[in-house]
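In what follows, a single structure is set out as structure tokens and then discussed.
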Amino acid sequence: MFGKCWTGAYCRYFREAVLPLDPALEAALLIEGPRPDFKACPVCGRAVAPDGRQTYCSAACAKAAHRRQQREYMRKKRG
């Protein structure tokens, strides 16, 4: 409570530490208008903002998915 910011509806800790970790919650609370439809990341299941062709929530998830796809491809190629 010592770091409470009395100028807004949410405390500073919530805005700086909790909201960046959950983009779906951040969009639901801070963006006005209709709620955007979020997709689930196929690797970890976290929410992915609908920004065009973005499929994964982070570069680490994209790298893990690429490695898995390459592993499956090489397994099929070997026979």
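So for the sequence shown, the UniProt record's numbering puts the first residue at 1; every next one is plus one. The beta-carbon is built from N, C-alpha and C at its ideal position, and this holds for glycine as well.
- By the C-beta density criterion, Tyr-73 is exposed, having fewer than 16 other C-beta atoms within 10 angstroms.
- The three-state reading of DSSP puts Val-48 in strand, counting E and B together.
- Excluding sequence positions up to five before and after Arg-46, its CB lies within less than 6 Å of the CB of Cys-57, all in the same chain and listed in chain order.
- Phe-38 places its beta carbon 7 Å or farther from that of Ala-17.
- Distance between Ala-62 and Tyr-10, taken at the CA atoms: about 33 Å.
- The beta-carbon separation of Ala-27 and Pro-42, rounded to 20 Å, does not stay under the 8 Å limit for a contact.
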